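Down below is the structure, laid out as structure tokens.
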Amino acid sequence: MKRPLDGVRVVDFGQFIAAPAAGAALAEMGADVIKIEPVGGESARQIGVYGQAMVRAYNGGKRSLAVDLRTSEGREVARRLVHDADIVLQNLRTGVMEGFGLGPADVRAVNPGVVYGSVSGFGRHGPSRDRPGFDIAAQAESGLMSVTGEAGRDPQRVGVPVVDAAAGHVLAEAVLGAYIGRLRFGTGRDVEVSLLDVAIHLQGTTWGEYFLTGEVPERKGNGQPTVAPAADVVPTADGAIVLSAYTPAHFAKLCVLVGRAELADEPRFATNPDRVANRAALLAELAPAFGGLTTRDALDMLVGNGIVAGAINDYAQVTQHPDVLASGTFVEVVDDGTPYTVVRPPWRDGPHDVGAPAPAPGVGRDTRAIMAELGYPTTEIDDLVRRGIVRAGDD
Numbered sequence: 076m077k078r079p080l081d082g083v084r085v086v087d088f089g090q091f092i093a094a095p096a097a098g099a100a101l102a103e104m105g106a107d108v109i110k111i112e113p114v115g116g117e118s119a120r121q122i123g124v125y126g127q128a129m130v131r132a133y134n135g136g137k138r139s140l141a142v143d144l145r146t147s148e149g150r151e152v153a154r155r156l157v158h159d160a161d162i163v164l165q166n167l168r169t170g171v172m173e174g175f176g177l178g179p180a181d182v183r184a185v186n187p188g189v190v191y192g193s194v195s196g197f198g199r200h201g202p203s204r205d206r207p208g209f210d211i212a213a214q215a216e217s218g219l220m221s222v223t224g225e226a227g228r229d230p231q232r233v234g235v236p237v238v239d240a241a242a243g244h245v246l247a248e249a250v251l252g253a254y255i256g257r258l259r260f261g262t263g264r265d266v267e268v269s270l271l272d273v274a275i276h277l278q279g280t281t282w283g284e285y286f287l288t289g290e291v292p293e294r295k296g297n298g299q300p301t302v303a304p305a306a307d308v309v310p311t312a313d314g315a316i317v318l319s320a321y322t323p324a325h326f327a328k329l330c331v332l333v334g335r336a337e338l339a340d341e342p343r344f345a346t347n348p349d350r351v352a353n354r355a356a357l358l359a360e361l362a363p364a365f366g367g368l369t370t371r372d373a374l375d376m377l378v379g380n381g382i383v384a385g386a387i388n389d390y391a392q393v394t395q396h397p398d399v400l401a402s403g404t405f406v407e408v409v410d411d412g413t414p415y416t417v418v419r420p421p422w423r424d425g426p427h428d429v430g431a432p433a434p435a436p437g438v439g440r441d442t443r444a445i446m447a448e449l450g451y452p453t454t455e456i457d458d459l460v461r462r463g464i465v466r467a468g469d470d
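Going by the working numbering, the first residue of the sequence shown is number 76, and it counts up by one from there.
Structural data, given as structure tokens:
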């Protein structure tokens, strides 16, 4: 069964998350994605279990060519690859690719139709263009950490590298648009994505409120600042839920469901501004009702009556979530006889869905095959392997 990007060649110079995530998305759509990494492996391979998880999460379905780009012979291998590439991806520090003779202008000189996608930390035009880009710095400087955490407490980072991961999806979206543009108009494009821009864009609604009111948002912990109860955490007998009763009708229904119909008429809770001002007191009034219910019973009661609610699950609980199981979100792949579990892409291609992705490649697993495709004779490949210019996974 053909996939949307069958026949499209992508050369991925990325490391860690942002560019590799974009490459993985394109691979899932059928592209032949070639991961270029140093002979010692990309940086993520050097940081233990977390790095191993990163490689597995964002490099499935790719082929690996390990090459020393510091050498002229290594750069020639890369130049041959990009000569016929449809898309090039990279998130190295500003100037590194240019130093290898593989920057956008260099590649376009030999491949005018290429779509060249880059990720940087802070953009390539401002005073921070040479700063290395990291998720946590983007969270901090975009304002995201300033609105994350409890009131009166230190700012908090989001618990996962959400900006890096989102940047990967943004880059994939942007290069696909540019590739469609090339098919329609015949011209290649340079696509730039910055972690800072992505982090700001993720906060679009909050930024909209700031520009409307001029009020700098503050950390408030759980609970939406202008509605109550909304996004509030309520303990149950065996865990906790988050619930939202946005409208007066929903709030009145919630009060009836928990056997406290009179709360809807109390002056402290009569209007939404009243409930926001007295949020702590409102949650204290609701707590006994939910403390006697299991999470499952609380959800059945609320969701069954049109109240927005969700169980607060840990990772082990998520793996047993019935909707996650039905969707096949976690899938097993096998690499050289060793099975491991990965998270599959968050889209489905209807009857053409391919299911589990291929495993991430080992360092240089496909070096020989790719170089043979580029026209290198076996003797020359052997010589480059012997001299450490390239690394083949079977050596």
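Glycine included, C-beta positions come from ideal geometry on N, C-alpha and C. Note that the structure is a prediction, hence the values are computed from the model and not measured.
Secondary structure at K295: coil, using DSSP grouped into helix, strand and coil. For E103, no beta strand (DSSP E) encloses it; the enclosing alpha helix (DSSP H) starts and ends at A93 to E103. The beta carbon of A253 sits closer than 6 Å to the beta carbons of V190, R264 and V266 from its chain, once the five residues preceding and following it are set aside; these are given in chain order. Taking the CA atoms as reference points, G366 sits about 15 Å from I387.
Segment contact: the region 375 to 384 against the region 400 to 417, fewer than three CB-CB distances shorter than 8 Å; contact not assigned.
Annotated three-state conformation of F175 is coil, per DSSP. When beta bridges are read from the DSSP output, V142 appears opposite V465. No residue range can be given for R206, since it is assigned to no alpha helix (DSSP H) and is classified by DSSP as neither H nor E. CA-to-CA, the gap between Y321 and W282 works out to about 21 Å. About 5 Å separates the beta carbon of D87 from that of L164, a gap short enough to meet the 8 Å contact definition. A Cβ-Cβ separation of about 44 Å leaves V408 out of contact with A362 under the 8 Å criterion. Judged by DSSP secondary structure, E112 falls outside any alpha helix (DSSP H) and instead within the beta strand (DSSP E) spanning D107 to E112. Shown here for D81: same chain residues with a beta carbon closer than 6 Å to its own, the five before and five after excluded, namely G105 in chain order.
Residue range P397 to S402 is occupied by the alpha helix (DSSP H) that includes A401, with no beta strand (DSSP E) assigned at that position. Rounded to the nearest angstrom, the gap between the Cα atoms of G381 and D143 is 59 Å. Leaving aside the five residues that flank D161 on each side, the residues in its chain whose CB is nearer than 6 Å to its CB run, in chain order, V83 and R84. The C-alpha of T346 is placed about 43 Å away from the C-alpha of P420.
Put simply, the region 203 to 211 touches the region 167 to 174. At least three CB pairs are less than 8 Å apart.
Contact between the region 121 to 141 and the region 427 to 446 is present: three or more C-beta pairs spanning the two stretches fall below 8 Å. Per DSSP, the unbroken beta strand (DSSP E) holding F405 starts and ends at F405 to D410.
In this chain, S217 is not harboured by any beta strand (DSSP E), its DSSP state being neither H nor E. Comparing alpha carbon positions, the residue from V333, V237, L357 and R335 closest to R343 is L357. Cα atoms of G176 and G296: separation of roughly 48 Å, rounded to the nearest angstrom.
Excluding its 5 nearest sequence neighbours in each direction, V182 has C-beta neighbours in its own chain below 7 Å: V157, V163, V189 and Y191, listed in chain order. Its chain contains no residue whose beta carbon lies nearer than 6 Å to that of P300 once the 5 sequence neighbours on both sides are disregarded. When the Cα atoms are used, A99 and P187 turn out to be separated by approximately 24 Å. Separation of P179 and G385 (C-alpha to C-alpha, rounded to the nearest whole angstrom) is 46 Å.
Following the DSSP letters along the chain, one finds S147 inside the alpha helix (DSSP H) bounded by residues S147 to H158. Under the three-state reduction of DSSP, A355 is assigned to helix. In the three-state scheme derived from DSSP, where H, G and I count as helix and E and B as strand, D340 is classed as helix.
Annotation for F197: S203, R204, R206, G208, S269 and L271 place their beta carbon closer than 7 Å to its own, counting only its chain and skipping 5 residues before and after.
Judged by DSSP in its simplified three-state form, L332 adopts helix. Just so you know, the alpha carbons of A97 and E341 end up roughly 53 Å apart. Closest option to G115, judged by alpha-carbon separation, among R440, R257 and R350: R440. Counting along the chain, the unbroken beta strand (DSSP E) around A315 starts and ends at G314 to S319. For D239, the uninterrupted alpha helix (DSSP H) run begins and ends at V237 to F260, by DSSP.
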